[in-house]
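Chains as they are written, first to last, in my numbering: chain Y, 6 to 369; chain R, 15 to 63. Glycine residues also receive a C-beta, built at the ideal position from the N, C-alpha and C atoms.
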Amino acid sequence: MPQNSQGAPGPPGPPPQKKRFSPGERLLFILLFNLIVFSLIETGLRIHRALQKREAFLNLKDYQIQDPLFGWKLKPGYESEDVKINSLGFRNEEFTPAKPAGEVRIFCLGDSCTFGGRDPYPQRLGRKFHDRGMGEVRVINGGVPGYPAVNIYYRLGEEVIPCSPDIVTIYAGWNDLSLVNPERAAGQDRTGKALAPIYDLEIVQALRSAIFRHGKLDRFSTTASEFVERFEPAHLERVLDEILALCREHRVRPYLMNLASYYSASYGRDECERIALPPFVRNFREYAMLVEKYNRAIAAAAKRHGVPLIDQFAFFNARDKKRLFIDGGHFSEEGADEAADLLYEALSKDPVIRVKSRGSVNSR
Amino acid sequence: MKVLRDLKALVKENLLWILATFFALLALLGVIVFLSEKSASAPFIYRIF
């Protein structure tokens, strides 16, 4: 406090000069401040997303366990009313890795479509062989829900080849279709690569879902994104190449199955209700295009390796699909039976089965 | 401490502008996302740059 010469308090001096900022400084400050606020929101959203993902990963079904190689796998020895997992981790009756003499082993590899519902198609296929006097043919369900093709490749090498398969059927692609966003795949080249992080910002994604959360996009629009039009599922072809090379190396006869899809262009809103579109797919036109592209990739891999293709897509398109699917790709019980019929038709003509069956008939 | 005091004063003085800019940026981003998604021809990122 200012004092006069006698030491007594004097009148207050002028208040300290308040700092004045130029308009440029103020603008810079406002922008910087907003940048910090946006960064904080982005960080918060990222933490939230990470926690959500962690929870989803930890919320495995009762019959699944975490696995360092596969992410998750079937829990050996699990048993419930509907699902029984054997000690080797297959949804199947017990069997030994060493194959008994005379047995023909067929593994049906795939995802949840193969893992199935109450009575999956591999189990039905096994019974069909048995009922037609080919009891030496053992069909093993090698499906694991959620597996994309690359997991099926690892499973083939790690868990199936050691069990001496004669034939494997491979039904892969649905999870690849749901996981690979054509826009991001396109973003891997040119300017997109540099700009992708902005597109991936949680704030942008949050705005997207806030705006379109309630399906305001017209799911029946016939316009497809240029990224979907240009997209080719090269990743699936590469993995199928690896799978087929592994089969050749171990003298296993592979059969590729293409995607059996419930969707039909003639279906209206009610019929399409049961289809869950992947989050990046805007309408059924894009969805149908992707299914077609994945099926072309599967057919191309089959042709390249001279491997039989089981055309489920055409087979189911010629039938009343409303009874045969419970959603966009999973079979109903009736659908699983039809799929098993189709497989039986193809596999019963396989030379390995014909030779062994003839052998067993002769020896009886 | 002086820096903090200055900063506080600056925020107070410009609070209206800060809020206006924040919501304007958010709205702009929202409009871009909406228009580009609605067009279903390209994601917004390719339309901005």
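Any idea which residues DSSP pairs residue i with across the strands?
i, result
"Y/Arg258", "Y/Ile172"
"Y/Phe330", "Y/Phe336"
"Y/Ile46", "Answer by DSSP bridge pairing: none, since Y/Ile46 is not bridged."
"Y/Glu89", "According to the sequence shown, residue 89 of chain Y is Lys rather than Glu. For Y/Lys89, which the question treats as bridged, DSSP gives the partners Y/Glu84."
"Y/Gln317", "According to DSSP, Y/Gln317 bridges with nothing at all."
"Y/Ile157", "Its beta-bridge partners do not exist; DSSP assigns none."
"Y/Ile70", "Y/Lys78"
Measuring alpha carbon to alpha carbon, tell me which of the options ends up nearest residue i.
i, options, result
"Y/Asp325", "Y/Thr119, Y/Gly340, Y/Gly334 and Y/Arg274", "Y/Gly340"
"Y/Asn180", "Y/Thr119, Y/Asp87 and Y/Leu79", "Y/Thr119"
"Y/Met139", "Y/Val244, Y/Gly148, Y/Gly107 and Y/Leu114", "Y/Gly107"
"R/Leu42", "Y/Ile175, Y/Leu212 and Y/Pro102", "Y/Leu212"
"Y/Val249", "Y/Tyr267, Y/Lys308, Y/Pro284 and Y/Ala215", "The sequence shown places Leu at residue 249 of chain Y, rather than the Val named in the question. Taking only the C-alpha atoms, the option nearest Y/Leu249 is Y/Lys308."
"Y/Asp246", "Y/Ile157, Y/Leu329 and Y/Phe225", "Y/Ile157"
"Y/Ala103", "Y/Glu84, Y/Val165, Y/Phe318 and Y/Asn97", "Y/Val165"
"Y/Pro187", "Y/Glu84, Y/Leu314, Y/Leu241 and Y/Asp346", "Y/Leu241"
"Y/Ala55", "Y/Glu207, Y/Glu98, Y/Val312 and Y/Arg189", "Y/Glu207"
"Y/Val286", "Y/Phe330, Y/Glu231 and Y/Pro150", "Y/Glu231"
"Y/Arg243", "Y/Phe336, Y/Val155, Y/Lys78 and Y/Leu33", "Y/Val155"
"Y/Ala177", "Y/Glu254, Y/Val296 and Y/Gly29", "Y/Val296"
"Y/Gln317", "Y/Asp332, Y/Phe336, Y/Ala306 and Y/Ser226", "Y/Phe336"
"Y/His255", "Y/Ile172, Y/Glu278, Y/Leu79 and Y/Ile90", "Y/Ile172"
"Y/Lys80", "Y/Asp87, Y/Leu93 and Y/Pro73", "Y/Leu93"
"Y/Ser269", "Y/Glu237, Y/Gly334 and Y/Asp223", "Y/Gly334"
"Y/Leu50", "Y/Tyr299, Y/Glu141 and Y/Gln210", "Y/Gln210"
"Y/Glu141", "Y/Gly148, Y/Gly147, Y/Arg132 and Y/Val149", "Y/Arg132"
"R/Val45", "Y/Thr48, Y/Gln71 and Y/Ala215", "Y/Ala215"
"Y/Ala302", "Y/Phe236, Y/Arg279 and Y/Ala319", "Y/Phe236"
"Y/Ala239", "Y/Thr48, Y/Val185, Y/Thr228 and Y/Asp332", "Y/Val185"
"Y/Arg129", "Y/Glu338, Y/Lys354, Y/Ile358 and Y/Pro356", "Y/Glu338"
"Y/Lys327", "Y/Glu276, Y/Ile70 and Y/Gln57", "Y/Glu276"
"Y/Leu261", "Y/Tyr68, Y/Lys66 and Y/Phe112", "Y/Phe112"
"Y/Ser2", "Y/Leu32, Y/Phe134, Y/Lys78 and Y/Ala61", "Since the first residue of chain Y shown is 6 and the last is 369, residue 2 of chain Y is not available in this structure."
"R/Phe37", "Y/Glu30, Y/Val42 and Y/Arg25", "Y/Val42"
"Y/Asn322", "Y/Ser266, Y/Lys298 and Y/Pro313", "Y/Ser266"
"Y/Asn370", "R/Phe48, R/Trp31, R/Val47 and R/Leu49", "Absent from the structure is residue 370 of chain Y, since the part of chain Y shown begins at 6 and ends at 369."
"Y/Gly121", "Y/Asp355, Y/Asp342 and Y/Arg359", "Y/Asp342"
"Y/Pro150", "Y/Tyr292, Y/Asn300, Y/Pro125 and Y/Glu291", "Y/Pro125"
"Y/Arg123", "Y/Phe95, Y/Val144, Y/Leu65 and Y/Glu86", "Y/Glu86"
"Y/Asp136", "Y/Leu36, Y/Ile46 and Y/Asp346", "Y/Asp346"
"Y/Phe320", "Y/Asn64, Y/Leu264 and Y/Gly76", "Y/Leu264"
"Y/Tyr272", "Y/Ala351, Y/Arg258, Y/Ala306 and Y/Phe289", "Y/Phe289"
"Y/Phe75", "Y/Arg110, Y/Leu36, Y/Ser44 and Y/Pro153", "Y/Pro153"
"R/Val25", "Y/Phe34, Y/Gly29 and Y/Ser27", "Y/Phe34"
"Y/Ile175", "Y/Leu45, Y/Leu161, Y/Arg224 and Y/Val88", "Y/Leu161"
"Y/Pro356", "Y/Ala293, Y/Gly148, Y/Asn146 and Y/Pro313", "Y/Pro313"
"Y/Ile280", "Y/Ile145, Y/Ser183, Y/Arg110 and Y/Thr48", "Y/Ser183"
Would you kindly report the start and end of the unbroken alpha helix (DSSP H) that includes residue i?
i, result
"Y/Asp136", "Tyr126 to Asp136"
"Y/Asp342", "Glu338 to Leu352"
"Y/Glu291", "Phe289 to His310"
"Y/Val165", "Looking at the DSSP string, Y/Val165 is not in any alpha helix (DSSP H), and its letter there is neither H nor E."
"Y/Asp181", "Trp179 to Leu184"
"Y/Asn64", "Run containing Y/Asn64: none; DSSP gives neither H nor E here."
"Y/Val286", "Careful: Y/Val286 lies outside any alpha helix (DSSP H) and carries neither H nor E."
"Y/Ala98", "Per the sequence shown, the amino acid found at residue 98 of chain Y is Glu instead of Ala. Looking at the DSSP string, Y/Glu98 is not in any alpha helix (DSSP H), and its letter there is neither H nor E."
"Y/Arg274", "Arg274 to Cys277"
"Y/Glu237", "It is not in any alpha helix (DSSP H) - Y/Glu237 carries neither H nor E in the DSSP assignment."
Taking residue i as part of the beta strand (DSSP E), name the residues at either end of that continuous run.
i, result
"Y/Phe75", "Taken as a continuous stretch (DSSP letters only), Y/Phe75 belongs to no beta strand (DSSP E), as it is neither H nor E."
"Y/Val144", "Val142 to Gly148"
"Y/Leu114", "Val109 to Gly115"
Going along the region 29–47 of chain R in order, which residues come within less than 7 Å of chain Y, judged by CB to CB distance?
Of all residues in the region 29–47 of chain R, Trp31, Ile32, Thr35, Phe36, Leu39, Leu43, Gly44 and Val47 have a Cβ within less than 7 Å of some Cβ in chain Y.
Identify each residue in the region 24–43 of chain Y for which the Cβ-Cβ distance to at least one residue of chain R is less than 8 Å, and report them in chain order.
Of all residues in the region 24–43 of chain Y, Lys24, Phe26, Arg31, Phe34, Ile35, Leu36, Phe38, Asn39, Val42 and Phe43 have a Cβ within less than 8 Å of some Cβ in chain R.
Quick one, which residues of the region 52–71 of chain Y are near chain R if we go by CB-CB under 8 Å, in chain order?
Correct list: empty, as no residue qualifies.
Taking only beta carbons into account, state which residues of the region 227–259 of chain Y come closer than 8 Å to chain R, listed in chain order.
Those residues of the region 227–259 of chain Y that come within reach of chain R (Cβ to Cβ, closer than 8 Å) are Thr228, Ala229, Ser230, Glu231 and Phe232.
Listed in chain order, which residues of the region 274–289 of chain Y have Cβ atoms closer than 8 Å to some Cβ of chain R?
Within the region 274–289 of chain Y, Arg287 and Asn288 place their CB atoms closer than 8 Å to a CB of chain R, listed in sequence order.
Which of the residues in the region 114–125 of chain Y, read from start to end, lie with their CB under 8 Å from any CB of chain R?
Taking 8 Å as the upper bound on Cβ-Cβ separation, chain R lies near no residue of the region 114–125 of chain Y.
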